[in-house]
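These notes are about the structure you will find just below.
Next up, the structure:
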């Protein structure tokens, strides 16, 4: 069910490898006049919660701390405050820009500081000539309180070696959610405070509380929805925006999943058909996959895998749904996309060792203890009004061979949100965002959850925006390039230097389709 948050797992892999909205408005830019912060909003420095390494010095070249913000940003003068964790990596350039970059993670519920700070210290060149601000959005990571649901994390690992049906999976998840909700509300946490609008308000407060006048905002996945809400409700101080793998507010997340899933698998089949090696091995990859799916549903296989985060070894019972789930997750991890046919081949052979490609990808992409599921369900459930009938109708977009279990899993969203029972956002939240703030929109061809059409939809409402499309790329264009040729990083830096001009670099046109491999390396 955790569809948005996989970008957090991918970042971890790189390191190891509104209850009420202000409503739609038209922003003309980044005016900073008459900015008044709610009472009690202040940035307090503290020692960094992670090990500071390399050339960085805690308190000097990396500054950590918390911004106190109202728990309810709709009524910001209340006395109930929460803490937003911040890590500011200072630029060491000779003439650093006065405009920092703020990094908004995906999710909802994804952390960023713990996962991304080690990567920045390992490769300081990423910071460039502007400060980089990592922020754990409310309820996530080092922010206080943290709305993690250990019951769901424990469920994930405890059932790896069990052949659980989709319906049984929903039942177990609902039990864990019920326990988590009781725990969080018992701690005095108001789940209704964890909304996209409040996230956006927090970033506005953070910019000025940390002493900056303007900021460039980068959002990935769910972070783009927060960035769009900032553009709508809190444009003051926003210099430019980058939307990477976009989730427009006018898109219904839950009912869009089947269509997006079918699209990316069709993209895979077309890509294989146009690749000489892949097409020779799999003249009809779709039939091969669906035949293997049925075989595994009837007779699952087992193998061992290692959790890439804690290095624990687990036994995995791998059925057809497990296969589809793994392939879906690989689309998030661009370097892994070319190996999807090899995974299908390896699974069909059934001889999977702990060091095999399939086991390593499973261990690197499946485990995720970085997500605050309390935030995830608070946000998703407040923004969705779907009925079981609507979800069932949307599920018809799934390929027929895998549809029954996928449809049952989709129905799990409705059941989960009935348990979570958070207030719904007002209807004006779903209106398109219109703004004149310079915006770069980045979309990947093989993105499984936020298809490129989303970027085009947002572009139509943002007159000063540019869309850049990256072939052969999965979810999170900027992040997926950290071990590649750095094209997307160059595009981002070019845009920041001149956000009024399209950063259409030659390297974008040179991006290629995946070089599909049919055997594992």
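In the numbering used here, the protein residues as written are 9 to 529. For each residue, glycine too, the CB sits at the ideal point set by N, CA and C. Values in this document were obtained by computation on a predicted structure and should not be read as measured data.
Within a Cβ cutoff of 8 Å, which residues of the same chain sit near residue i, ignoring the five residues on either side of it in sequence?
i, result
"residue 8", "It is not possible to answer for residue 8, since the shown part of the chain is limited to 9 through 529."
"residue 38", "With a pLDDT of 48 at residue 38, under the threshold of 50, the modelled position of that residue is not reliable, and no figure is offered here."
"residue 396", "419, 422"
So, under 8 Å CB-CB, residue i and residue j are touching, yes? Tell me the CB distance rounded to an integer number of Å.
i, j, result
"residue 331", "residue 355", "6 Å"
"residue 141", "residue 94", "6 Å"
"residue 119", "residue 73", "No, residue 119 and residue 73 are not in contact; Cβ-Cβ is about 16 Å, not under 8 Å."
"residue 520", "residue 479", "6 Å"
"residue 153", "residue 462", "With 8 Å as the limit, residue 153 and residue 462 do not qualify as a contact, their Cβ atoms being about 32 Å apart."
"residue 406", "residue 269", "7 Å"
"residue 105", "residue 66", "About 23 Å; that fails the 8 Å criterion."
"residue 98", "residue 69", "5 Å"
"residue 387", "residue 204", "6 Å"
"residue 419", "residue 448", "That pair is no contact at about 37 Å."
"residue 174", "residue 410", "At roughly 11 Å, the Cβ-Cβ gap does not stay under 8 Å, so residue 174 and residue 410 are not in contact."
Which word fits residue i, buried or exposed, when buried means at least 16 other C-beta atoms lie within 10 angstroms of its C-beta?
i, result
"residue 275", "buried"
"residue 237", "buried"
"residue 88", "exposed"
"residue 254", "buried"
"residue 13", "Legend: pLDDT at residue 13 = 39, less than 50; position of this residue unreliable, value from coordinates given subsequently. Residue 13 comes out buried."
"residue 207", "buried"
"residue 424", "buried"
"residue 366", "buried"
"residue 453", "buried"
"residue 272", "buried"
"residue 122", "buried"
"residue 320", "exposed"
"residue 509", "exposed"
"residue 210", "buried"
Please state the DSSP three-state secondary structure of residue i.
i, result
"residue 365", "helix"
"residue 526", "coil"
"residue 119", "coil"
"residue 66", "strand"
"residue 258", "coil"
"residue 53", "strand"
"residue 91", "strand"
"residue 510", "coil"
"residue 6", "Lying outside 9 to 529, the shown extent of the chain, residue 6 is not represented and no answer is given."
"residue 305", "helix"
"residue 401", "helix"
"residue 247", "strand"
"residue 339", "coil"
"residue 409", "coil"
"residue 242", "coil"
"residue 196", "coil"
Short of 7 Å in beta carbon distance, which residues of its chain neighbour residue i, apart from the five on each side in sequence? Order them along the chain.
i, result
"residue 518", "none"
"residue 235", "112, 225, 227, 249, 251"
"residue 31", "Because residue 31 sits at a pLDDT of 34, beneath the cut-off of 50, its placement in the model cannot be relied upon, and the point is left open."
"residue 402", "263, 266"
Whose C-beta lies closer than 6 Å to the C-beta of residue i among residues of the same chain, with five residues either side of it excluded?
i, result
"residue 262", "392, 394, 421"
"residue 80", "86, 201"
"residue 157", "188, 381, 382"
"residue 293", "277, 280"
"residue 52", "73, 74"
"residue 465", "256"
"residue 549", "Here the chain comprises residues numbered 9 to 529, so residue 549 is not present and cannot be evaluated."
"residue 336", "456"
Within 7 Å (strictly less), CB to CB, does residue i reach chain C?
i, result
"residue 220", "The chain labelled as chain C is not found in the depicted structure, where only one protein chain is given."
Q: Pair every Cβ in the region 166-174 with every Cβ in the region 125-143, then say whether three or more of these pairs are closer than 8 Å.
A: no
Q. Can at least three beta-carbon pairs, one atom from the region 339-350 and one from the region 478-486, be found at a separation below 8 Å?
A. yes
Q. Is it a yes or a no for the region 449-461 touching the region 423-441, going by three-plus beta-carbon pairs under 8 Å?
A. no
Q: Decide yes or no for the touch test of the region 321-328 against the region 297-305: beta carbon pairs closer than 8 Å, at least 3 of them.
A: Proximity of the region 321-328 to the region 297-305 meets the contact definition, three or more beta-carbon pairs being nearer than 8 Å.
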